[in-house]
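Let me begin by presenting the structure, written as structure tokens, before commenting on it.
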Amino acid sequence: MEQTRATITSVGHYLPDDRLTNHDLEKLVDTNDEWIRTRTGIIERRILKDPEKATSYMAANAANEALEFVGLTPDKIDVIIVATVTPDYIFPSTACLVQEAIGATNALAFDLSAACSGFIYALTTGASFVESGRYKNVLVIGADKMSSIIDYTDRATCILFGDGAGAVLLQPSNDGTGIIDSIHYSEGDTNCHLVQKGGGSRYPASLETVAKHMHFIKQDGKAVFKKATVGMADVSAEIMERNNLKAEDISWLVPHQANLRIIDATARRMSLGMDKVMINIERYGNTTGATIPLCLYDWKDQMRNGESIILTAFGGGFTWGAVYLTWGGKY
Ligand code: UT7
């Protein structure tokens, strides 16, 4: 009998309707469509404009869609993990707010903070709950309202990010599909190359932190670019080697969508044609925790049961990693 694995059976998503295009950004900062397209691959992003709605709203919508697809009632959910860097509040967790919003009365719920690697960290964590045999229905959600921490006068960051959420349902499988291997790394970035400094216990929110724009994301793009390119390419090659996978064995690469050039470099290192790489950065930009589940959602009708898929991401922390799975979606 095959060992019990955690398999993704369903995917849900939420994207706000409002679009922020490169041409809109030209009116806000000294930038241009040509620069943004060629340096990042982004054309537009979605923005959750309603000030009454935050990350938990998008996460709950994505979760509900994933549950509806498989006809699972919320009371059957055992665990909810939300990967986010833009929680509604510092506490309580966004996962607890989602638990209440969707009526998952029997679920334990917590947030996981690993920036742009949050979703794959959460997926490995969620899979462990299922593999342990103690939990059967685990919701793993990546959701971020990045527009809430963006300085729209800083051209180095405001062109990159967008809002969105994606959710997957993990369930036990004995048919060989599911999460087979994960490799994760972290390296404390004490020099704060990618950081939101204000509002935590180091720099509690004050008039001064706000005046200094410390409640916004700050990034040394060049430094992060170099580390991300090496990190995602190396860990993807490592997980292929560890599982004796050749390029022809892999049906899909699902990379974090931070920059098309980083995605290109990762695919090249894996000797994969771009037709096997899921890319939607041009439409959504970098939605941090949501990029990978949003790709899975967009490609769900093209993936076939049992196909080999590698997910990979790099983000603040620093954090990075790769997950190898075979598709078990009931599409
Ligand atoms: O998801 C988490 C991980 N994050 C990432 O992976 C992001 C990694 N970094 C990047 O994707 C890239 O570094 C950026 C897209 C952020 C920047 O691209 P780059 O090719 O590294 O550009 P750069 O920062 O080296 O800047 C090149 C030039 C500079 O001008 P000079 O000094 O050459 O005259 C910048 O001032 O481009 C200028 N520049 C811009 N020009 C127009 C920087 N931002 C902009 C802009 N519009 N928005």
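All residue numbers for the sequence shown refer to my numbering, where the first residue is -14 and numbers rise by one. Glycine included, C-beta positions come from ideal geometry on N, C-alpha and C. These numbers were taken from a predicted model, which means no experiment stands behind them.
For residue 183, there is no enclosing beta strand (DSSP E), since its DSSP letter is neither H nor E. Fewer than three Cβ pairs drawn from the region -2 to 18 and the region 167 to 181 lie within less than 8 Å of each other, which leaves the two stretches out of contact.
Comparing alpha-carbon positions, the option among 297, 68, 281 lying closest to residue 254 turns out to be 297. Taking residue 0 as the centre and dropping the five residues before and after it, the same chain places the C-beta of 31, 149 closer than 6 Å to its C-beta, in chain order. For residue 312, no beta strand (DSSP E) segment is defined, and its DSSP state is neither H nor E. Secondary structure at residue 249: helix, using DSSP grouped into helix, strand and coil. Residue 32 sits in coil when the DSSP states are folded into three classes, being neither helix nor strand.
With 16 or more other CB atoms across the displayed protein chains lying within 10 angstroms of its CB, residue 84 is buried. The C-alpha of residue 47 is placed about 24 Å away from the C-alpha of residue 292. A straight-line Cα-Cα distance of about 13 Å links residue 117 and residue 164.
When the five nearest sequence neighbours on each side are left out, the beta carbons in the same chain lying within less than 7 Å of the beta carbon of residue 40 are those of 69, 71, 72, 73, 79, 128, 129, 130, in order along the chain. One Cα belongs to residue 282, the other to residue 236, and the distance between them is close to 16 Å. Between ligand 1 and the CB of residue 101, the shortest heavy atom gap is smaller than 8 Å. Within the same chain, 1, 130, 148 come within 6 Å of residue 33 by CB-CB distance, once the 5 residues on both sides are set aside. If you check the C-beta of residue 15 against ligand 1, you find a heavy atom less than 8 Å away. For residue 8, the three-state secondary structure derived from DSSP is helix.
Per the C-alpha coordinates, the member of 191, 174, 103 positioned closest to residue 242 is 103. With a threshold of 16 other beta carbon atoms within 10 Å, residue 229 falls short and is exposed. Taken from the Cβ of residue 206, at least one heavy atom of ligand 1 lies inside 8 Å. Under the DSSP assignment, residue 114 falls outside any beta strand (DSSP E), being part of the alpha helix (DSSP H) whose first and last residues are 103 to 116. Relative to the non-hydrogen atoms of ligand 1, the Cβ of residue 144 comes within a distance shorter than 8 Å of at least one. DSSP lists 179 as the beta-bridge partner residues of residue 204.
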